[in-house]
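Enquirer: Protein chains in written order, with the numbering used here: chain A, 1 to 497; chain B, 498 to 770.
Note that the Cβ used here is the ideal one computed from N, Cα and C, for glycine as well.
Supplied in structure tokens, the structure appears directly below.
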């Protein structure tokens with residue numbers, strides 16, 4: 001049967017492509033890191049994909065500040081700063097003798113260029129709102145920059161240490177999407193799409209003496225089974241965001257590996273398109289919140305390895321309020337609520353990005369909604385398709401996604417252009433107050449109010465906090481055990497020896 | 498004296514009857530609802546309630562396998578029927594008209610052969626989103642050239658026979674001849690091919706669903722069950738073994754049945770072997 005063997009060959013080929021990896025480096029100054037998500041661009045100032053930051057921010061690109069593992073804002077390209085009495089003027093002193101990887105010198109002009117680019121009318125920066133409070137950016141001299149704000153911004157210094165506020169050079173900004181150029185401790189070497197991305201140490205970096213790794217290789221493996229096989233065969237040294245929680249006991253029992261279970265800033269939500277019927281109706285959203293059973297989702301999709309959330313704020317944060325009981329799971333009540341809202345028996349799509357936490361949750365949520373009389377059609381889509389159709393074009397009913405950025409409650413104040421389709425003046429005001437509140441305790445109180453408000457409005461189905469499940473070879477040291485931000489600086493990481 | 502039925506026909510027939518019977522039964526009855534989850538009861542051991550236990554979401558394995566059989570059978574049936582009828586029509590046309598039409602159809606068939614179903618399915622998925630319907634279309638598509646080629650080859654042989662010449666001499670037009678004389682006489686060849694293509698289609702559906710391009714959750718499909726069971730190999734290897742076995746049984750069954758049918762329809766070929 002020639003046709004049969006043809007099909008078999010195709011199948012085998014497809015399988016071997018997914019699994020075909022060569023062995024990892026054995027030497028101590030190199031590391032091979034597995035990543036679940038491959039980005040479509042390498043420019044964090046133009047694309048919201050978390051893995052861009054995960055690989056490149058603070059490794060290839062740098063920003064004025066950097067956030068440490070404990071969430072503290074520390075100097076980076078800015079060696080220090082002064083804040084005026086009124087909290088509106090920040091004067092940054094820049095590091096001296098810094099060069100970009102293409103050889104050009106870093107100075108205040110680059111800061112000016114980067115900020116003007118991010119704040120420009122036609123800017124494609126995914127976090128444009130973070131720059132909204134900036135009034136003027138002035139280069140006092142080549143190593144001093146003054147930034148004035150129109151309002152106090154409690155998150156300003158923190159935001160200056162994020163991937164969307166990296167400092168880029170005018171000569172390379174346009175090509176960063178495929179050939180990133182920054183000032184960081186690692187230089188971009190090459191990106192083989194669908195396979196790997198390679199960084200090499202930047203010997204000219206100001207902290208080069210403290211950087212242990214000479215070469216960093218990221219491998220893109222989206223399939224959990226392939227990820228497991230590659231890790232087990234020690235083809236990878238680390239898989240910091242391991243996609244299959246059910247396999248962690250396997251690694252824990254193996255002396256070659258270390259398993260880390262930490263927290264991330266990633267709130268996993270069942271996002272509903274608030275701009276579109278039926279989710280423009282709060283009763284429908286509340287019915288969805290009542291129909292879903294978080295414990296079952298966490299048990300089934302995450303094998304118990306996640307903390308439930310009832311609103312949009314991480315449980316390990318200082319302002320956290322437990323709102324998981326706001327809509328107790330009750331299938332019968334949800335069915336009635338759907339019926340009252342007149343949407344009983346309707347069909348809606350649940351477009352899911354290719355991450356196991358999302359696809360697995362989707363299957364369970366689909367069943368829970370179906371029990372409550374709603375026919376949700378699950379569509380598993382590719383990441384590029386998701387970014388384009390769901391995130392950019394807002395062409396979806398429901399989706400499941402982790403928001404891994406810190407302090408991102410402001411997403412709900414991003415207005416009708418954001419994929420939530422949620423535009424609520426009351427919340428916009430509240431977020432404005434949160435953002436401009438300088439006193440940490442008063443701000444936490446406002447953040448609590450924000451959580452209660454979002455939960456009350458049932459903007460989305462709030463599911464669980466994405467855990468940081470990492471599997472490492474025991475030789476690998478220096479990885480953060482919890483992530484306060486989306487990036488992971490590799491300058492402190494070593495691979496034994 | 499009655500001739501003994503070929504062994505491959507008998508074994509294939511029994512396996513196919515098993516699979517088709519299960520698929521038919523699942524239309525009216527499965528032990529449990531195949532999509533009903535009971536997450537607190539995941540990875541249950543086989544029992545009198547759950548004959549082969551439950552999966553990672555507490556769904557009954559037997560019911561899922563039965564629903565998977567139904568899925569495989571309907572996909573294969575629709576895809577082979579669709580691809581087969583287009584392919585047969587093209588083959589008959591090529592053979593009846595000849596000349597550049599025949600050349601053209603055959604070159605198109607070559608092109609179709611060169612185009613893997615997987616690639617076509619990925620393309621459809623990229624444009625319309627992945628779905629079982631697109632998988633069916635992709636599988637039907639790869640069937641067209643197969644049937645076109647087989648039909649044209651067999652039809653060309655019949656066209657050289659005396660009674661066809663007689664019909665032509667009597668003034669019957671080429672399409673009527675194709676319909677009344679050619680098609681009935683190549684029926685056996687097409688049925689044999691269809692049976693074998695059934696096996697190919699089952700495998701292709703499993704492969705596409707395995708890769709996420711076919712049946713979407715919660716629809717049960719052997720390929721999808723297999724891919725979901727992959728990371729559970731350490732925890733519950735049986736979840737991968739069962740759908741794997743089902744695919745083997747179905748593919749083997751239709752393959753053997755097709756071979757057996759061919760042996761019976763072409764005894765000459767069999768003796769020469």
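Alpha carbon to alpha carbon, what distance is there between residue 662 of chain B and residue 669 of chain B?
Expert: Counting from one through the second chain, the residue named residue 669 of chain B turns up at place 172. Counting from one through the second chain, the residue named residue 662 of chain B turns up at place 165. Straight-line Cα distance between these residues: approximately 10 angstroms.
Enquirer: How long is the line joining the alpha carbons of residue 714 of chain B and residue 364 of chain A, rounded to whole angstroms?
Expert: Position 217 of the second chain, counting from 1, holds the residue named residue 714 of chain B. Position 364 of the first chain, counting from 1, holds the residue named residue 364 of chain A. Straight-line Cα distance between these residues: approximately 10 angstroms.
Enquirer: Between the C-alpha atoms of residue 493 of chain A and residue 220 of chain A, what's the straight-line distance to the nearest angstrom?
Expert: Here residue 493 of chain A corresponds to residue number 493 of the first chain, with the count starting at 1. Here residue 220 of chain A corresponds to residue number 220 of the first chain, with the count starting at 1. Between residue 493 of chain A and residue 220 of chain A, the C-alpha separation is close to 20 angstroms.
Enquirer: Residues in the same chain with beta-carbon distance under 6 angstroms from residue 770 of chain B, minus the five sequence neighbours each way, listed in chain order, please.
Expert: Here the question's residue 770 of chain B lines up with position 273 in the second chain. Note that residue 770 of chain B has pLDDT 42, beneath the 50 cutoff, so the model's placement of it is unreliable and no number is given.
Enquirer: Would you say residue 258 of chain A and residue 399 of chain A are within 7 angstroms of each other, going by their C-beta atoms?
Expert: For the purposes of this step, residue 258 of chain A is taken as residue 258 along the first chain, with counting starting at 1. For the purposes of this step, residue 399 of chain A is taken as residue 399 along the first chain, with counting starting at 1. No, the pair does not count as a contact, with Cβ atoms beyond the cut-off.
Enquirer: Taking a cut of 9 angstroms between CB atoms, which residues from the stretch 665 to 682 of chain B lie near chain A?
Expert: Taking 9 angstroms as the Cβ-Cβ cut-off against chain A, none of the residues of the stretch 665 to 682 of chain B qualify.
Enquirer: Would residue 152 of chain A and residue 438 of chain A be called neighbours here (beta carbons separated by less than 7 angstroms)?
Expert: By 1-based counting over the first chain, the position of residue 152 of chain A is 152. By 1-based counting over the first chain, the position of residue 438 of chain A is 438. Yes, these two residues count as a Cβ contact at 7 angstroms.
Enquirer: By a C-beta neighbour count over all protein chains shown, 10 Å radius and 16 as the cutoff for buried, is residue 24 of chain A buried or exposed?
Expert: Numbered from 1 along the first chain, position 24 holds the residue referred to as residue 24 of chain A. Annotation note: pLDDT 49 at residue 24 of chain A (below 50); position unreliable, coordinate value reported separately. Buried.
Enquirer: Assuming residue 568 of chain B is part of the alpha helix (DSSP H), what are its boundary residues?
Expert: As a working mapping, residue 568 of chain B is identified with position 71 in the second chain. Per DSSP, residue 568 of chain B belongs to the alpha helix (DSSP H) from 558 to 594.
Enquirer: Among B/562, B/512, B/622, B/518, which one has its Cα closest to the Cα of residue 531 of chain B?
Expert: The residue labelled residue 531 of chain B in the question sits at position 34 within the second chain. Comparing Cα positions, the closest option is B/562.
Enquirer: Please list the residues of the stretch 521 to 540 of chain B that have a C-beta atom closer than 8 angstroms to any C-beta atom in chain A, keeping them in chain order.
Expert: Hits within the stretch, in order: 532, 533, 534, 536, 537, 539.
Enquirer: Would you say residue 37 of chain A faces chain B, with C-beta separation under 7 angstroms as the test?
Expert: Position 37 of the first chain holds residue 37 of chain A. So no, residue 37 of chain A is outside the interface.
Enquirer: Going by DSSP, what residue range makes up the alpha helix (DSSP H) through residue 461 of chain A?
Expert: Position 461 of the first chain holds residue 461 of chain A. Counting along the chain, residue 461 of chain A falls outside any alpha helix (DSSP H), though it belongs to the beta strand (DSSP E) covering 461 to 473.
Enquirer: Rounded to whole angstroms, what is the Cα-Cα separation between residue 465 of chain A and residue 332 of chain A?
Expert: As a working mapping, residue 465 of chain A is identified with position 465 in the first chain. As a working mapping, residue 332 of chain A is identified with position 332 in the first chain. Approximately 27 angstroms, taken between the alpha carbons.
Enquirer: Suppose you measure from the CA of residue 734 of chain B to the CA of residue 130 of chain A; what does that come to, to the nearest Å?
Expert: For the purposes of this step, residue 734 of chain B is taken as the residue at position 237 of the second chain. For the purposes of this step, residue 130 of chain A is taken as the residue at position 130 of the first chain. Spanning the two alpha carbons is a distance of roughly 49 angstroms.
Enquirer: Who are residue 75 of chain A's beta bridge partners in DSSP?
Expert: If you number the first chain from 1, residue 75 of chain A lands on position 75. For residue 75 of chain A, which the question treats as bridged, DSSP gives the partners A/65.
Enquirer: Under 7 angstroms between C-beta atoms, does residue 709 of chain B make it to chain A?
Expert: Against the second chain, residue 709 of chain B aligns to sequence position 212. Chain A, which has a Cβ nearer than 7 angstroms to the Cβ of residue 709 of chain B, makes this yes.
Enquirer: Confirm, please, whether the CB-CB distance from residue 405 of chain A to residue 486 of chain A is below 7 angstroms.
Expert: Counted from its first residue, the first chain places residue 486 of chain A at position 486. Counted from its first residue, the first chain places residue 405 of chain A at position 405. A contact, by the Cβ cut-off of 7 angstroms.
Enquirer: Got a sec: does the ligand GDP put a non-hydrogen atom nearer than 6 angstroms to the Cβ of residue 649 of chain B?
Expert: With respect to small molecules bound, the structure shown includes none, and the ligand GDP cannot be examined in it.
Enquirer: Report buried or exposed for residue 521 of chain B, applying the criterion of at least 16 other Cβ atoms within 10 angstroms of its Cβ.
Expert: In the second chain, the residue the question calls residue 521 of chain B occupies position 24. Per the 10 Å Cβ criterion, exposed.
Enquirer: Going by CA-CA distance only, name the one from A/243, A/83, A/178, A/133 that's closest to residue 37 of chain A.
Expert: In the first chain, residue 37 of chain A corresponds to position 37, counting from 1. Taking only the C-alpha atoms, the option nearest residue 37 of chain A is A/243.
Enquirer: By Cβ distance, which residues of its chain are closer than 7 angstroms to residue 606 of chain B, with the 5 residues on each side in sequence left out?
Expert: Taking the second chain and counting its residues from 1, one reaches residue 606 of chain B at position 109. Closer than 7 angstroms at the Cβ level, and outside the excluded window around residue 606 of chain B, lie 642, 645, 646.
Enquirer: Quick one: using the 10 Å Cβ neighbour count with 16 as the cut-off for buried, is residue 648 of chain B buried or exposed?
Expert: The sequence position of residue 648 of chain B within the second chain is 151, counting from 1. Counting Cβ neighbours within 10 Å, residue 648 of chain B comes out buried, since at least 16 surround it.
Enquirer: Looking at C-alpha atoms only, which residue of A/71, A/108, A/116, A/267 is the closest neighbour of residue 142 of chain A?
Expert: Within the first chain, numbered from 1, the residue matching residue 142 of chain A stands at position 142. Comparing Cα positions, the closest option is A/108.
Enquirer: Can you say whether residue 442 of chain A is buried or exposed, counting buried as having 16 or more other CB atoms within 10 angstroms of its CB?
Expert: Residue 442 of chain A sits at position 442 when you count from the first residue of the first chain. Per the 10 Å Cβ criterion, exposed.
Enquirer: DSSP three-state label for residue 290 of chain A, please.
Expert: The residue labelled residue 290 of chain A in the question sits at position 290 within the first chain. Here residue 290 of chain A sits in helix by DSSP.
Enquirer: What residues in the stretch 725 to 741 of chain B have a beta carbon less than 7 angstroms from any beta carbon of chain A?
Expert: Hits within the stretch, in order: 727, 728, 729, 731, 732.
Enquirer: Tell me, please, which residues DSSP counts as bridged to residue 364 of chain A.
Expert: Counting from 1 along the first chain, the entry for residue 364 of chain A is found at position 364. Answer by DSSP bridge pairing: none, since residue 364 of chain A is not bridged.
Enquirer: Using the C-alpha atoms, what's the distance from residue 656 of chain B back to residue 591 of chain B?
Expert: To locate residue 591 of chain B, count along the second chain from 1; it is residue 94. To locate residue 656 of chain B, count along the second chain from 1; it is residue 159. Approximately 12 angstroms between the Cα atoms of the pair.
Enquirer: Straight-line CA distance for residue 268 of chain A to residue 50 of chain A?
Expert: In the first chain, residue 268 of chain A corresponds to position 268, counting from 1. In the first chain, residue 50 of chain A corresponds to position 50, counting from 1. Near 14 angstroms, if we compare the C-alpha coordinates of residue 50 of chain A and residue 268 of chain A.
Enquirer: Residue 205 of chain A to residue 183 of chain A, Cα distance in whole Å?
Expert: Stepping through the first chain from its first residue, residue 205 of chain A is reached at position 205. Stepping through the first chain from its first residue, residue 183 of chain A is reached at position 183. Looking at the two C-alpha atoms, the distance is approximately 7 angstroms.
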